[in-house]
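First residue of the sequence shown: 56, per our numbering; consecutive thereafter. Heads up: the structure comes next, in structure tokens.
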Amino acid sequence: MADLVVAGAGMAGLVAAAEARRLGATPVVLEKLDRPGGSMRLSSGVVWRHRRFDRFRAECPAGDPLLQRLLFERLDHDLRWVESLGAPVVARDTGNDLTTGVRFDPERLTATLVAAAGDVRVSDPLHELPDSAPVVLATGGFGADRELLREHVTPEADHVMVRAAPGSTGDGLRLGLAAGAATSTGLADVYARAMPAPPARVQPADFVALSQLYARHAEVTNERRERHATETWSEVDTGQWMARQPRARAWFRVPEAALAERVRERSVGEMVEAAAAAGAPVRREVGHVTVETVAGVTTTLGGLAIDGHACAAAGVFACGADAGGLATGGYASGLAAALVFGRIAARTALGENP
Ligand SMILES: Cc1cc2nc3c(=O)[nH]c(=O)nc-3n(C[C@H](O)[C@H](O)[C@H](O)COP(=O)(O)OP(=O)(O)OC[C@H]3O[C@@H](n4cnc5c(N)ncnc54)[C@H](O)[C@@H]3O)c2cc1C
């Protein structure tokens with residue numbers, strides 16, 4: 056008999072179950088899809104935090120400072136715990152001076168966490184809250200649900216690309232609200248990336264490789280030729296803006312001289328060629344190349360309101376993308392939130408000190 060029910064076998068749910076087992080409990084993880092791992096498996100695997108807390112606050116000013124402080128203070132310790140479970144580290148560097156963290160191989164991280172979580176049941180969604188045990192909601196937010204995106208985020212919801220695991224359709228939000236939970240700040244906020252526009256074909260395994268991360272080197276316009284100036288290193292503002300433009304589209308016009316610029320491991324020119332190879336409309340003129348892109352919604356940033364114990368309602372705990380209000384107004388690591396609050400949720404649900 057399970058003494059903790061966890062909904063969702065993404066990073067947050069698997070971490071919660073692994074932590075529950077460490078404490079001697081017998082959790083069960085229910086997963087809607089036929090595979091565990093959620094969006095973690097499609098991700099770059101970089102679990103990170105801002106190097107400085109004031110920077111985190113400045114970048115995500117409308118986020119809950121208490122939750123942000125917990126993430127900031129606990130992540131390094133929690134990363135060592137993940138390593139102790141056997142997840143091999145690919146790099147101890149994020150490639151960004153503003154942030155610090157660890158890069159894991161997503162497949163091997165998933166396998167490690169599944170082994171640590173114990174009883175993980177795929178193709179077995181949670182439909183109703185159980186009476187028999189506390190529940191941890193870790194269903195990954197609502198980025199894959201066009202109805203909820205239309206209601207909370209953008210009237211252009213039919214046009215955005217879902218750049219996330221398909222199971223994250225707001226089940227945790229619905230179940231939590233029905234149990235008396237409140238919504239967090241920033242329900243309209245998403246983390247979105249510019250992706251090659253249709254007719255490009257983008258498979259989930261290519262979400263990272265086909266991201267178009269060069270808004271800062273481009274002139275960005277919408278269908279009405281209105282311009283947008285990127286203001287953040289993460290380009291989260293551009294993704295948010297794109298999601299709300301007509302047909303969620305933007306055109307990135309890049310001067311030839313910028314094609315050699317590097318963004319992380321790739322050059323701008325390589326990203327442009329990847330979009331062209333995938334089938335996106337690419338216009339080549341003398342001195343410029345223009346790529347048509349579409350907003351790829353990756354995670355919702357708003358969700359259930361939680362306190363510092365990851366509690367959303369009596370006996371109901373939320374973590375990962377189901378818990379909103381951490382990165383409101385900006386961008387923070389979704390994997391880090393899943394790790395830190397997955398552990399907190401399990402501890403509180405089992406009556407331990409969070
Ligand atoms: C391409 C890409 C790259 C990314 N790169 C990074 C990165 O490098 N660093 C970073 O920090 N973040 C990154 N992210 C974001 C990060 O992957 C997510 O924020 C994080 O994985 C969310 O974890 P989660 O456990 O909250 O949700 P999810 O991973 O979405 O897991 C939720 C799980 O719950 C399941 N589920 C849904 N409903 C139910 C139900 N009713 N019952 C049971 N199960 C249910 C879903 O099927 C899913 O498996 C990336 C995301 C993508 C898509």
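Just so you know, even glycine gets a beta-carbon here, dropped at the ideal spot from N, CA and C.
Alpha helix (DSSP H) segment containing residue i, residue limits
{"i": "Trp-296", "result": "291-298"}
{"i": "Arg-338", "result": "That residue, Arg-338, is in no alpha helix (DSSP H); its beta strand (DSSP E) goes 337-340."}
{"i": "Asp-109", "result": "108-114"}
{"i": "Glu-162", "result": "161-172"}
{"i": "Ala-331", "result": "323-333"}
{"i": "Ala-146", "result": "Note, Ala-146: premise wrong, no alpha helix (DSSP H); beta strand (DSSP E) at 144-146."}
Buried versus exposed, by CB contacts within 10 Å (16 or more), residue i
{"i": "His-105", "result": "buried"}
{"i": "Met-56", "result": "exposed"}
{"i": "Gln-300", "result": "buried"}
{"i": "Leu-121", "result": "exposed"}
{"i": "Pro-143", "result": "exposed"}
{"i": "Arg-248", "result": "buried"}
{"i": "Asp-119", "result": "buried"}
{"i": "Ser-223", "result": "buried"}
{"i": "His-116", "result": "Looking at the sequence itself, residue 116 is Pro, so the reference to His does not match. Label assigned to Pro-116: exposed."}
{"i": "Asp-109", "result": "exposed"}
{"i": "Asp-200", "result": "buried"}
{"i": "Ala-382", "result": "buried"}
{"i": "Val-137", "result": "buried"}
{"i": "Gly-65", "result": "buried"}
{"i": "Ser-187", "result": "exposed"}
{"i": "His-207", "result": "buried"}
{"i": "Pro-161", "result": "buried"}
{"i": "Pro-189", "result": "buried"}
{"i": "Trp-296", "result": "buried"}
{"i": "Pro-91", "result": "buried"}
{"i": "Asp-152", "result": "exposed"}
Check: residue i C-beta below 7 Å from any heavy atom of ligand 1
{"i": "Phe-24", "result": "This structure gives no information on residue 24, because the portion of the chain shown stretches from 56 to 409."}
{"i": "Ala-67", "result": "yes"}
{"i": "Ser-24", "result": "With the chain represented from 56 up to 409, any question about residue 24 goes unanswered, as that position is not in the structure."}
{"i": "Met-95", "result": "yes"}
{"i": "Thr-353", "result": "yes"}
{"i": "Val-191", "result": "no"}
{"i": "Thr-194", "result": "yes"}
{"i": "Glu-86", "result": "yes"}
{"i": "Arg-218", "result": "yes"}
{"i": "Pro-75", "result": "It is Ala, not Pro, that sits at residue 75 in the sequence shown. Answer for Ala-75: no, Cβ out of range of ligand 1."}
{"i": "Ala-391", "result": "yes"}
Range covered by the beta strand (DSSP E) that runs through residue i
{"i": "Glu-138", "result": "It is not in any beta strand (DSSP E) - Glu-138 instead sits in the alpha helix (DSSP H) that spans 120-140."}
{"i": "Phe-307", "result": "304-310"}
{"i": "His-364", "result": "No beta strand (DSSP E) contains His-364, which DSSP labels as neither H nor E."}
{"i": "Arg-279", "result": "Premise fails: Arg-279 is in no beta strand (DSSP E) and is neither H nor E."}
Integer Cβ distance of residue i from residue j, believed to fall under 8 Å
{"i": "Ala-312", "j": "Ala-193", "result": "That belief does not hold up - the Cβ atoms of Ala-312 and Ala-193 are roughly 46 Å apart, past 8 Å."}
{"i": "Val-102", "j": "Leu-140", "result": "In fact, because the Cβ distance is near 13 Å, the residues do not count as touching under 8 Å."}
{"i": "Val-215", "j": "Val-352", "result": "5 Å"}
{"i": "Asp-174", "j": "Pro-82", "result": "7 Å"}
{"i": "Ala-72", "j": "Ala-172", "result": "4 Å"}
{"i": "Thr-165", "j": "Val-245", "result": "Their Cβ separation, rounded to whole angstroms, is 24 Å, which puts Thr-165 and Val-245 out of contact at 8 Å."}
{"i": "Ala-393", "j": "Ala-67", "result": "4 Å"}
Are the stretch 381-397 and the stretch 127-142 touching, with three or more C-beta to C-beta distances below 8 Å? Judged by Cβ distances under 8 Å, the stretch 381-397 makes contact with the stretch 127-142, as three or more pairs qualify.
Tell me, please, whether the stretch 247-260 touches the stretch 328-342 by the rule of three or more beta-carbon pairs shorter than 8 Å. Segments in contact, yes.
When the Cβ atoms of the stretch 227-235 are set against those of the stretch 358-371, are three or more pairs found closer than 8 Å? Output reads yes: the stretch 358-371 touches the stretch 227-235.
Taking 8 Å as the cut-off, does the stretch 274-281 touch the stretch 318-329 (at least 3 CB pairs, one atom from each stretch)? Look at the beta carbons and you see the stretch 318-329 not touching the stretch 274-281: under three pairs across the two are nearer than 8 Å.
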